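What follows is one structure encoded as structure tokens, with my remarks underneath.
Protein chains: 2
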Amino acid sequence: MTTAPERYRRASDYLAACMIYLRDNVLLREPLRPEHLKPRLLGHWGTCPGITFVYTGLNGVVARTGRRTLLVTGPGHGAPAVHANLWLEGTHAAYDPALSRDATGMAELVRRFSWPGGFPSHLSPEVPGVIHEGGELGYALATAVGAALDDPTLLVACIIGDGEAETGPTAGSWHANKFLDPATDGTVLPILHLNGYKISSPTVYGSMSDAELTSYFEGAGWSPRIVDVARHADPDEALAQTLDNALADTTARPMLIVRSPKGWGLPSHDAHGTALAGTFHAHQVPLDGVHSDPGQLALLESWLRSYRPEELFDTHGRPMLDLLTGLPPEHLRLGRVPQANGGALRRDLPLPSIDKHCVEVGSAGTTTASANSVLAGWLSDLLGATQQRRDFRIVCPDELESNKLGGVLDVTDRAFTWPVTGYAEHLAPDGRVIEVLSEHLCQGFLQGYLLTGRHGLFPCYEAFACIVDSMVNQYAKFLKMAGEVSWRIPVAGLNYLLTSEGWRQEHNGYSHQGPGFINNLLTKKASVARIYLPPDANTLLHTMRHCLRTTDKINLVVTSKQEYPQWLDMDAAEAHCRAGAGVWEWAGNHATPEVVLASAGTVPTMEILAAAWLLRRRAPALRVRVVNIVDLLALAPPDRHPHGMAIDAFTRCFGTEIPVVAAFHGYPSAMHEVLHGRRAPDRFHVHGYQEEGTTTTPFDLLVSNRMSRYDLAADAVRRAWRTRGSSIADALVAERDALLGKARTDGVDPPEISEWRWTA
Amino acid sequence: MTTAPERYRRASDYLAACMIYLRDNVLLREPLRPEHLKPRLLGHWGTCPGITFVYTGLNGVVARTGRRTLLVTGPGHGAPAVHANLWLEGTHAAYDPALSRDATGMAELVRRFSWPGGFPSHLSPEVPGVIHEGGELGYALATAVGAALDDPTLLVACIIGDGEAETGPTAGSWHANKFLDPATDGTVLPILHLNGYKISSPTVYGSMSDAELTSYFEGAGWSPRIVDVARHADPDEALAQTLDNALADTTARPMLIVRSPKGWGLPSHDAHGTALAGTFHAHQVPLDGVHSDPGQLALLESWLRSYRPEELFDTHGRPMLDLLTGLPPEHLRLGRVPQANGGALRRDLPLPSIDKHCVEVGSAGTTTASANSVLAGWLSDLLGATQQRRDFRIVCPDELESNKLGGVLDVTDRAFTWPVTGYAEHLAPDGRVIEVLSEHLCQGFLQGYLLTGRHGLFPCYEAFACIVDSMVNQYAKFLKMAGEVSWRIPVAGLNYLLTSEGWRQEHNGYSHQGPGFINNLLTKKASVARIYLPPDANTLLHTMRHCLRTTDKINLVVTSKQEYPQWLDMDAAEAHCRAGAGVWEWAGNHATPEVVLASAGTVPTMEILAAAWLLRRRAPALRVRVVNIVDLLALAPPDRHPHGMAIDAFTRCFGTEIPVVAAFHGYPSAMHEVLHGRRAPDRFHVHGYQEEGTTTTPFDLLVSNRMSRYDLAADAVRRAWRTRGSSIADALVAERDALLGKARTDGVDPPEISEWRWTA
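Residue numbers (numbering that gives the first Met the number 0), protein chains in the order written: chain C, 0 to 759; chain A, 0 to 759.
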């Protein structure tokens, strides 16, 4: 049987197979010889025919309905299928004339795939229409949901392979429908593509019966429809009808399950009897040994010729016109969807003034505030200002209230569309906050939202941000690559607000203490990663306003929800944030110090200032300078990071020879890492989190990690005054231990611990 | 109504509430006054009554059936409930006489909870019966499944909160039943506990209807039974019957869904009209302001008195005898299950000899082997030797074959119990390899398996190990804490074999390149983390044998599956592994070198040796020493890590002043971090992964990251010979670029790139 979709798929499958194997003789105008083969065969055939089957079906939907459609392809290793379709539909030629729809362009496309300097073997930002790499599996569906948020006319189709379906993040994503509002959000159409096998074994979902699948997905709130190509004489027609029915059914949440044989179209066995089509042996590059094994080469040729390229492409290598009649109008083709180059849709946020949220500070440290509560006020303004535009969202694992950001719920609600019969507050289908107890979902939603041109914020318990370490790794890679693609327009920064931080997790205990997200971000490209530790409310306001203006960045902001002393007024905060780090002269006592006390982070800053205060009383002759760091990467050498302070500015802060006693929010190793390449980094003695923690008092937690004011002061005086410092340091330590003993007896820190004030 | 279970629960709930609020007057023998309250109220009440409801039901099951039962409690923040039960059943007193079952012990238990030096607010290794902390949610079910593997008489009950249920890892874990063999594994009984709310909003699963829940879990292959306490006059009886029915139904996979009001037992509203019982306001510590608000304090007192403690405890504070009649026999009580202190059950593995798998090396670099294939041979022997014991498992995200470890499938199969109708290889219900495309599940299974006294190995694609960063964080915390508990016996090491490593992911491209797992492990306690980079097959054999002998460790082994040159014979490999790092004299040319070439990792070692070889030809007068590092932490100062080489051994390798050009497998920052604290670390010039990658040739990937032999040789000669080195270095770089150009044109690395041999 030859139908239009079948002919189209034949062309696409042929091209995909050619991409994996050939460097020459792409139209098979001569007998296939070893020299026509790529020397290294890199690619994955198994999933390609299924992707093209779906792509073809979606082309039909778009052609019939005119609906703007974004395709998120979870099995990104099926890149050859997507490339083939992009070439056939002319998208490739539109982005790059070298990929013209003729023999020259076809040869270029085929050669370029998995070739040095060419297209990677997986989908990547180089590929038009792509917002998701899919090399690390699990995040396609969450990304698709994020793309659909606040874009009510958009259809987001999402192919999920049965390998990917086994991942936790995908399994959790099936409940994302409970956060999608039919009125204000687009439609997400998940397409679970079952070909039965992973790399070398059967898949979980592939082994589930139709009844099990239906029951499972109906329970999750979808209306699954199954298309099993083996059961239809005309699978394209079956898919088309099923798609139309699914999308016409506006009362339900449509979903497709497509069963197709792995490697569909391959010969059943290779020349040595290994089963191919419909088995996991079809996963990557079937027919090993084609370079040297004439039997395998002959089989490859006969397989490729089975697509009858001469019926599909004219003498100039152009696709026969009839192949293209099923395509949507040019501007609606899947590869051209504007949302896939979201930077072009992004509008700067109408950022409200921060002035009215400014905390009056007066003498440093004499007023207290919760930086997060203050920030919540400004975020509320921002949510108000974007009420009509609906292009700013907050995602959070159920921690807004706990993080003292609940104020934003006076302006918007939590999105939730499932019936809640019991007690609830601030819940509505069109809420612009999503609280789901899954950092993976939060991250996936936000990635999809940002990459389609919007803005957002991800507040998170500090320790649990590491749950998305790996997603951040991949997103950082996406941003780095996207930055190298000429037509990609920068997207809004991905902003983390890490709060409920480890130093005040003395109540939740050891499991909630973990600043390692900083270490992970430090492994990223300098062009992508930013790490800020604003020490108080006003610096947090400035920092967050800055982050929401950035593009193509991952901004990590670590802050505190606690009522803490405030240090800088609005002007000083602005100057400090601009500089990244600077001397707090009011806290030191001399322009030519013997020791620098430096800090980064809310609690460390409070401790370092208290240490300076202690030293004024216990070692008044000690010449001390106090430095605060708000932009961690300001410490990096300027040739290693664009935020690195110039050498003279660095010297003004830290001198060149004197010891620096630093209190750092995270693992000391992170600060040492940033300082690497600065002159004499060994004089930096960094106190930080040492993996010592439990449920105890805040002071005990600090002492356990040797970061209390007493530890810092003692270290400073010892390092500055090697001999006479000892007895002062010993006295400080003794005082620390006495206070700690009292804290352990009373179950609460003695009040004098927080009595000091900066009134000097 | 007062039934035995209801009275028992009343006692347990009372104690749990006391733990959260009281430091004194625990039996309420006098009116409650502010000084009886803990100064800081730290704990989570909301989930406690539900946990005790389930615990009580399980007590009944064990009492009736005599079945050994392990309880895994996902909502670890419900620790007060578990403590109350452990005290009532006498487990606490058995582990610690200070927690005797009388007024003194009760007062001590109540005071100790969330108190400095006492019990953490969450479940932790300090608590008998616990193998799962539950502070970071998501892993309870996978852990429970791991605990049940290969222990056919064990029942593992697993409470999963509706908050936790939203996480991806939990959602993915519901399919773990497909890997559980009824014949050789224990029974896992998941108990989904729905109280409807997270910290401050409704939960996804709580909002699903009974029909949706049933459909969803039946689809996933469970036989769910729902117990909604609101629907039963005697919920304990309903639970008991449902549990008995579920466990009697041996044809199916039993599962319970328990609906109970959040904070069950609380007053409906607080003194200011805030709704409490059955709402999210019951989550943590309800009744704020009890210290200073007499109305709230009075309400707390009346709430506590509503449990009628005088009916539950005798004048000595002992539980009334009738309360305890429903408990299982002492040795079967939930807190005493031996599997929860798995170290006591652990037997050393019968490790087979590695000699017969030894690769004959001859002259270094002249033979090649795939280290993984060699290892697979030895692992096959080990699987054979443990065939009867069944206490060694391999978990892997579908990558055994791809990682050239498929040889083990000649000895065992992949576990899979769902019907597979199509083509499959090496699949059986009792297989001892689990391949599931979820690193989270692999990690959770293995944690449960190790903590119950068994052994295992987790081979993983290097880049995707970061998916479990956060799980490793928590597991490292568990091990650290467990090490501080006197009665915990050490468990077998958790062994990662990271392979398909980034330097040979030139075919899968950028997304598959990421050595950051090393950086994450470096943040762990020195007592816990180990990082090995064996450069060839024989060193891999020695390393893996060592790892499988360790206890309470996380061992990271990074290796390669590729056919690569082999360097050390068996004796040399053993000595090298024992030393951690050492000079390879045959590769250098002088005892008093001008530069040290150092490497860690398979590909870096090959490149550094090639660089040394290049330098012999291009700069024969240059005095070079070659050092190899197999144990990364040998580089650490001995006062910072127990594996740190003594200063004299370090000096014998690296000298004290001369430059060291190092080729490191991971991010350079990781090696710098380890070197921190060594003398003059700035003379180490570390080449490593720079986040530059795509689909290309192996050589291109090395050059992009400046880690090719040419880059290393050029760097070395430049640093050793500041002036005369330049022209040699320039020539090397020119040669590199010419080769690279050819590689890019041909699509394959020029053959001469791998022509060199160590025949000197």
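Yeah, the Cβ is synthetic: ideal placement off N, Cα and C, and Gly gets one too. Computed from a prediction, not measured in an experiment: that's the story for all the values here.
Nearest to residue i (by Cα), restricted to the options the options
i, options, result
"A/Pro308", "A/Val582, A/Cys17, A/Ile657", "A/Cys17"
"A/Ala475", "A/Thr451, A/Ala491, A/Val527", "A/Val527"
"A/Thr366", "A/Pro592, A/Glu398, A/His121, A/Ala536", "A/Ala536"
"C/Gly581", "C/Asp736, C/Ala384, C/Val419, C/Phe649", "C/Phe649"
"C/Pro33", "C/Leu148, C/Val109, C/Ala297, C/Leu738", "C/Ala297"
"A/Pro458", "A/Thr498, A/Asp745, A/Gly218", "A/Thr498"
"A/Asp380", "A/Ala599, A/Arg544, A/Pro327", "A/Arg544"
"A/Pro489", "A/Ala343, A/Ala464, A/Phe391, A/Lys403", "A/Ala343"
"A/Val25", "A/Gly49, A/Pro603, A/Ala106", "A/Ala106"
"A/His280", "A/Thr694, A/Gly160, A/Ser199", "A/Ser199"
Beta-carbon gap between residue i and residue j smaller than 9 Å
i, j, result
"A/Leu532", "A/Ile607", "no"
"A/Asp235", "A/Arg8", "yes"
"A/Arg717", "A/His686", "no"
"A/Gly104", "A/His91", "yes"
"C/Gln512", "C/Tyr688", "yes"
"C/Leu374", "C/Leu539", "yes"
"C/Pro253", "C/Ser291", "no"
"C/Leu85", "C/Gly334", "yes"
"A/Leu31", "A/Glu310", "no"
"A/Gly600", "A/Ala669", "no"
"C/Ile130", "C/Leu426", "no"
"A/Arg431", "A/Leu382", "yes"
"A/Arg28", "A/Arg110", "no"
"C/Asn519", "C/Val471", "yes"
"A/Pro337", "A/Gly65", "no"
"A/Ala83", "A/Thr51", "yes"
Counted within 10 angstroms of its Cβ, other Cβ atoms place residue i as buried (16 or more) or exposed
i, result
"A/Ile752", "Residue confidence is low: A/Ile752 scores 48 on pLDDT, short of 50, so the model does not pin down where it sits. Its coordinate-derived value is still stated next. With 16 or more other Cβ atoms within 10 Å, it is buried."
"C/Asn194", "buried"
"A/Ser208", "exposed"
"C/His43", "buried"
"A/Ala759", "With a pLDDT of 42 at A/Ala759, under the threshold of 50, the predicted position of this residue should be treated as unreliable, and no value is reported."
"C/Glu125", "buried"
"A/Ile19", "buried"
"C/Asn244", "exposed"
"C/Asp347", "exposed"
"A/His575", "buried"
"C/Lys355", "exposed"
Those residues which DSSP pairs with residue i across a bridge
i, result
"C/His131", "DSSP, once it has assigned bridges, lists no residue as partnering C/His131."
"C/Ser598", "C/Asn627, C/Ala662"
"C/Ala156", "C/Leu70, C/Leu188"
"C/Leu496", "C/Pro458, C/Val556"
"C/Val582", "C/Val626"
Worksheet item: What are the start and end residues of each continuous beta strand (DSSP E) run of 3 or more residues lying completely inside the region 505 to 532 of chain A, in chain order?
Response: Correct list: 528 to 531.
Fill in: 4-residue-minimum alpha helix (DSSP H) runs that sit fully inside the region 361 to 441 of chain C, ordered along the chain
370 to 384
Fill in: Contained beta strand (DSSP E) runs [length at least 3] in the region 189 to 267 of chain C, N- to C-terminal order
222 to 227, 253 to 258
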